[in-house]
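Asker: For reference, the structure I am asking about is given below.
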Amino acid sequence: MCTHGRTTPFVARDWREIEQFLDESVGSTPGFGHLTDIVRSVIASGRSEALAGCTSMHDILVVPRPVPEPPYGVVVVRAPSSLRRAPRAGNVVIEEQSVTGHDDIVERPAAEAVPLFWRFMIEKFGIAPA
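Heads up: the sequence shown begins at 4 in the numbering used here, then just goes up one per residue.
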């Protein structure tokens, strides 16, 4: 079968573990604060049980719960150190990698990261903050 989706199992991590990982690995490194802001917004939103997350280096990958079987689409929040589509300085890149290959990629100022993230969650997964 030809697919553009992820073909390996998604291994979800608790959102507080992701927050701790980011705090320990990038801490106050300039350009990474919006990643932690997004994770904290998921925790505060009351929707952490509806969204599954994990990290790839420093990128954040998100799928809806229940975690889908491969192949599946994923939303990726790119870190400044991302090896793929890293944002320009001061920006955030959020990308939907769809099963169909019709990906959606948006780059905006990092100050817009949290609202942009929730826009993707609503549009791609139908999940809004509570």
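Even for Gly, the Cβ is constructed at its ideal location relative to N, Cα and C. Keep in mind it's a predicted model, so treat the numbers as computed, not measured.
#1: Looking at C-alpha atoms only, which residue of Thr103, Arg50 and Val65 is the closest neighbour of Cys57?
#2: Within a Cβ cutoff of 8 Å, which residues of the same chain sit near Ala92, ignoring the five residues on either side of it in sequence?
#3: Which residues mark the beginning and the end of the beta strand (DSSP E) in which Pro112 is found?
#4: Which residues in the same chain have their Cβ closer than 7 Å to the Cβ of Ser48, if we skip the five residues on either side of it in sequence?
#5: State whether the stretch 61-77 contacts the stretch 13-30, with contact taken as three or more CB pairs (one from each stretch) at a distance under 8 Å.
#6: Below 8 Å, how does it come out for the stretch 100-107 and the stretch 6-16: are there three or more Cβ pairs, yes or no?
#7: Using the DSSP secondary-structure output, state which residues sit across from Ile63 in a beta bridge.
Answerer: By the coordinates alone:
#1: Here residue 57 corresponds to residue number 54 of the sequence shown, with the count starting at 1. Nearest option by C-alpha distance: Val65.
#2: The sequence position of residue 92 within the sequence shown is 89, counting from 1. Taken in chain order, the residues that qualify are Gly34 and Pro83.
#3: One-based indexing of the sequence shown puts residue 112 at position 109. Note, Pro112: beta strand (DSSP E), Asp107 to Pro112.
#4: To locate residue 48, count along the sequence shown from 1; it is residue 45. Same-chain partners within the cutoff: Pro132 and Ala133.
#5: yes
#6: yes
#7: On the sequence shown, residue 63 is found 60 positions in, with the first residue counted as 1. BP columns for Ile63 point to Thr58 and Val80.
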